[in-house]
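Before any comments, here is the structure.
In the UniProt record's numbering, the protein residues as written are 1 to 491.
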């Protein structure tokens, strides 16, 4: 018996087949282009999302696959016709900032405390509700059709489920629902007051289930037979499960397009005092966990920018040796606020900048500054969490493509003053989706059984001579200058 996980990410879609020991048997991948129709707008072609998921699934599917799990880029929203299954607009991606003014208006009206108490989130265009409202207000006749029940909306997991089941099932899971600004994480229901606030018709939205659940079965016309789709989770919660952070205080950070740090905070939805997010971590049978999250919008995307747009590096693998060639006191800082700054500052008006340039500055300095910026922002998140009423971490578990960089992993440990643990495989997100599906169909009995599976890791211990305090002080001074510049530009 094996399990296939579809990991639908921001820049690529992967499908991975795992065996009963959680070892990878096969994998396939397709790139997913991004579109930038205006500054601050980020879109994807829904058919590219679907075709990538379908193609990779077919590439790894075998007769002994017992179930499919889905992990997906969160907060990205789609709107489609229930009768035809056709989308009405490109997917609006989580990075998109087009609804910043709408969020600012709601903030000025004093709505954030109510929103935060019910969702654990903040009023920010990052989340799905204002993006969905924009679609309904922009597409001709969309709002009226939505109210008549002719349209469906959902995050990427819901869209893929709809397509895989031949349009029979419109559902999502708790973790994705909890990222919309429409779902009450205490009552575990779509919230009528929030639906009214964001003007979202209830008829648009999917049913919500626990993460380990038979959501539906694949249409035999699509993949040749009916296979249970037995687990779904947003990608960061899937990585929390894949990294086996099942106890309060266990913490993981995933370095993909962005960086998302989640700490298991147990069975109560403790709200943050430091503008971090509280979100549903998972619900599997009677096992329930909430998570506190810090979101960094740009991580690996900065390295991709250096490679694809600036031509500073030939490949992401070049970044480690280039960074190592530059002394620690090089003086260059990159603020990767290409779509604003995320937690704990939440400033949509700040833009990316590079400071400290001299005639001696070369490509290696800028590459190192980009890697350092992600590590420094992670430190900011860990320190913010240290001030919360939650269990403290003993180590940080990391995954994602950027985490394979040994120089970055060691620098991260040095700056945090905490050990960093990295699994041999960086496919924690897909593994989490596979765990959910496998538990549902009985391949693994429970979470305790997952902890007993073999886990090969590498650890990075903080260097005793790391000048952590000085480095972080310099970083935070540059960030404060960028924040002040953002205020001045608004004025």
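Even for Gly, the Cβ is constructed at its ideal location relative to N, Cα and C. Small disclaimer: the values here were computed from a predicted structure and weren't measured.
Counting only the same chain and skipping the five closest in sequence on each side, list residues whose C-beta sits under 8 Å from that of residue i.
i: residue 364; result: 322, 323, 325 and 326
i: residue 46; result: 78, 80, 87, 90, 91 and 159
i: residue 83; result: 150
i: residue 345; result: 275, 479 and 483
i: residue 219; result: 164, 165, 166, 168 and 226
i: residue 481; result: 355
i: residue 58; result: 223
With burial defined as no fewer than 16 other Cβ atoms inside 10 Å of the residue's Cβ, what is the status of residue i: buried or exposed?
i: residue 177; result: buried
i: residue 489; result: Only weak support exists for where residue 489 lies, its pLDDT of 48 falling under 50; the value from the coordinates is given anyway. So residue 489 counts as exposed.
i: residue 286; result: exposed
i: residue 290; result: buried
i: residue 310; result: exposed
i: residue 461; result: exposed
i: residue 491; result: Low per-residue confidence applies at residue 491: pLDDT is 40, beneath 50, and the placement is therefore not dependable, though the value from the model is reported in the following sentence. By the 10 Å Cβ count, residue 491 comes out exposed.
i: residue 36; result: exposed
i: residue 74; result: buried
i: residue 382; result: buried
i: residue 330; result: buried
i: residue 131; result: buried
i: residue 417; result: exposed
i: residue 186; result: exposed
i: residue 213; result: buried
i: residue 332; result: buried
i: residue 401; result: buried
So, using beta-carbon positions, are residue i and residue j closer together than 7 Å?
i: residue 369; j: residue 341; result: no
i: residue 516; j: residue 143; result: In the structure as shown, the chain starts at 1 and stops at 491, and residue 516 therefore has no counterpart that could be examined.
i: residue 20; j: residue 6; result: no
i: residue 403; j: residue 255; result: yes
i: residue 207; j: residue 70; result: no
i: residue 463; j: residue 389; result: no
i: residue 263; j: residue 280; result: no
i: residue 119; j: residue 205; result: no
i: residue 231; j: residue 440; result: yes
i: residue 146; j: residue 135; result: no
i: residue 433; j: residue 238; result: yes
i: residue 249; j: residue 67; result: no
i: residue 471; j: residue 419; result: no
i: residue 123; j: residue 109; result: no
Does DSSP put residue i in a helix, a strand or coil?
i: residue 397; result: strand
i: residue 447; result: helix
i: residue 74; result: coil
i: residue 407; result: helix
i: residue 340; result: strand
i: residue 232; result: strand
i: residue 51; result: helix
i: residue 507; result: Residue 507 cannot be examined here, being either before or after the span of the chain that is shown, 1 to 491.
i: residue 40; result: coil
i: residue 458; result: strand
i: residue 487; result: Bear in mind that the predicted position of residue 487 carries a pLDDT of just 48, short of 50, making it unreliable; the figure below should be weighed with that in mind. Correct three-state label for residue 487: helix.
i: residue 268; result: coil
i: residue 497; result: Past the edges of the chain, shown from 1 to 491, lies residue 497, and the structure says nothing about it.
i: residue 385; result: helix
i: residue 189; result: strand
i: residue 121; result: coil
i: residue 476; result: helix
i: residue 184; result: strand
i: residue 227; result: coil
i: residue 415; result: helix
i: residue 15; result: strand
i: residue 133; result: helix
i: residue 158; result: helix
Can you give the beta carbon distance from residue i to residue j, rounded, assuming they're within the 8 Å contact cut?
i: residue 411; j: residue 371; result: 7 Å
i: residue 174; j: residue 210; result: 6 Å
i: residue 243; j: residue 428; result: 5 Å
i: residue 217; j: residue 229; result: 7 Å
i: residue 233; j: residue 436; result: 6 Å
i: residue 292; j: residue 395; result: That pair is no contact at about 17 Å.
i: residue 42; j: residue 95; result: 4 Å
i: residue 65; j: residue 4; result: 5 Å
i: residue 172; j: residue 128; result: Actually they are not in contact, since the Cβ atoms of residue 172 and residue 128 sit about 11 Å apart, beyond 8 Å.
Spatial neighbours of residue i within its chain, please: C-beta separation below 7 Å, excluding the five flanking residues on both sides.
i: residue 319; result: 303, 313, 367, 371 and 405
i: residue 487; result: With a pLDDT of 48 at residue 487, under the threshold of 50, the modelled position of that residue is not reliable, and no figure is offered here.
i: residue 30; result: 12, 13, 52, 55 and 56
i: residue 139; result: 88 and 89
i: residue 99; result: 125, 130, 131 and 134
i: residue 269; result: 120, 185, 186, 278 and 290
Closer than 6 Å by C-beta to residue i: which residues in its own chain qualify, once you throw out the five before and the five after it? Chain order, please.
i: residue 85; result: 167
i: residue 257; result: 10, 11, 300 and 301
i: residue 294; result: 261, 276, 343 and 381
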